[in-house]
Amino acid sequence: MGRIRHELTIHFGYLLIVACLNSFAAAQATPPGSGPMRLTLDDALRRARQNSVPYQSAVTDAGIAQQDKKQAIAALLPSANYDNSAIYTEGTGINHQVKFIANNAVHEYFSQGNVHESLDVAGFAEARRASALAAAARARQEVASRGLVATVVQSYFSVAASQEKLEAMQRAADEGDRFLKLTQDLEKGGEVAHADVIKAELQVNDRRRQLQEAMLSLLNARLDFAVLVFPDFNDNFVLVDDLHAKPLLPQFAEVESQASAGNPDIRAALETSNAASQGLLAARAGYLPGLSFDYFYGIDATHFATRTDGTSNLGSSIVATINIPIWNWGATQSKIKQASLQHDLAKRELSFAQRRVLAELRSLYAEAQTAAEELANLERSAHLGQESLRLTTLRYQNGESTVLEVVDAQTTATAADAAYEDGAARYKVALANLQTLTGVLTVR
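Here the sequence shown stands for residues 91 to 534, where the numbers follow our numbering.
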């Protein structure tokens, strides 16, 4: 009874997996617009850019840095304000005199426009620093964009590879069922021992368990992809791009030229170093004088009016100020020390980024080259595994091979199929990782 329940459980799981496979096949054959969403790699990349929190965070940082740049430049330009105020002062009671010498009258009204301009070396340095930081933020946004592409490509083709491996495991399970039926028929004819049937049944059970694991792997891959691409967690989709399309790997000289032309990691480190240089200049400018100008036009009178007793209250004045720093208890020197430390660190980071990009370029290109060379071998091995299984099964049927040889051929063919799908996905991911340095996506 226990064995019957066990076989029924396996059989039920098998039927469930077959139903799921049929559902996937139906989804693949559904016309566009009448079923699951059909996603190309470009569609997935576009949706991921809209929904990725890390990428949108980089976009936000770049936007904030751009506004900081605008504000720093605006601080160098003249500003205009219009101020209105009134001062009511206690009088002495004699001829409207005031008790406070700083005030001009018991009632004094201000209504003046003010144009202000301040000039100093620190202001210009801060503007250039903000500009460099904005450029660095844009470069980091590009880094995030390229990294997101690699992530989406890996997830996209992981789903495709899992789908292909599931179909391969389904074929292996079907082959196991056929071989079990063959051994049972041969046992009835007295051509093989019952041990062959037991071995074939054990192999069938293994294949069914592997089929269930492949189904679980596909489910997890699809869920991870859905989280990455869809804001509403939509798992009703099919992938369009072919996993086994083999884009050519560019020559190393071409890849090296593309990487050196506009690598965002180096650009971000370079602009950060420029910003640190301008920050050091701004700190040193704390020892230099500053110059400011103010132009006032309006009224400063005892009545809130343009004329009083036939006399115009409108007038203007200009104030020019030179601010000469004398003593601030070493605060300027401390700021220079801070800026100098940041500048030295930025230079080291730039040097490290340059070395790292050179190393990554060679490593990622070697990875893509190796994956491309191995892919052809893996494809050949997959075909040979299927052919070996076919021939070994025929030899067994004719009494020329053992059950162990058939089982070994089945295992080899299944492993070769899985390795081929993994190799195809690896090549796609290797090309996507290479584009993080070049900016050119060639996985299609």
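C-beta: ideal position from N, C-alpha, C; glycine also. On a predicted model such as this, the values are computed, not experimentally measured, just so you know.
Please confirm whether Leu474 and Ala506 have their CB atoms less than 9 Å apart. yes
Checking the sheet assignment: what are the DSSP bridge partners for Thr401? Thr398
Where does the unbroken beta strand (DSSP E) through Ile191 begin, and where does it stop? Note, Ile191: premise wrong, no beta strand (DSSP E); not H, not E.
Nearest by alpha-carbon distance to Val282: which of Val493, Ala358, Arg516 and Ala514 is it? Val493
Outcome for Leu105 when other beta-carbon atoms lying within 10 angstroms are tallied against a minimum of 16: Residue placement at Leu105 is flagged as unreliable, the pLDDT there being 44, under the threshold of 50; the coordinate-derived value follows with that caveat. Flag for Leu105 reads exposed.
Only counting the same chain, and skipping five residues up and downstream in sequence, which positions put a Cβ closer than 6 Å to that of Asn171? Asn204
For Leu131 and Asp314, which I take to be in contact (beta-carbon distance under 8 Å), what is that distance rounded to the nearest angstrom? Incorrect: roughly 16 Å between the Cβ atoms, too far for contact.
Are the beta-carbon atoms belonging to Thr532 and Val233 less than 9 Å from one another? no
What runs of the alpha helix (DSSP H), each 4 residues or longer, lie entirely inside the region 331–358? 342–352
Can you tell me whether Asn112 is helix, strand or coil according to DSSP? Bear in mind that a pLDDT of 47 at Asn112, under 50, signals an unreliable position, so the model cannot answer this.
Do you know how far the Cα of Val287 is from the Cα of Gly280? 12 Å
Answer yes or no: do Pro354 and Ala155 have a C-beta to C-beta separation smaller than 9 Å? no
Just checking my contact of Asp384 with Val345 at CB under 8 Å: how many whole Å lie between their CB atoms? Not a contact, Cβ separation roughly 58 Å.
Is Leu521 helix, strand or coil when you go by DSSP? helix
Could you have a look at Val530 and say whether DSSP puts it in helix, strand or coil? coil
Determine the closest residue to Ile356 out of Glu439, Leu381, Leu306 and Asn141, with distance taken between C-alpha atoms. Glu439
Classification of Arg218 by the beta-carbon crowding that lies within 10 angstroms, buried from 16 upward: buried
Cβ-based neighbour list, Ser208, same chain, cut-off 6 Å, excluding 5 preceding and 5 following: Ser382
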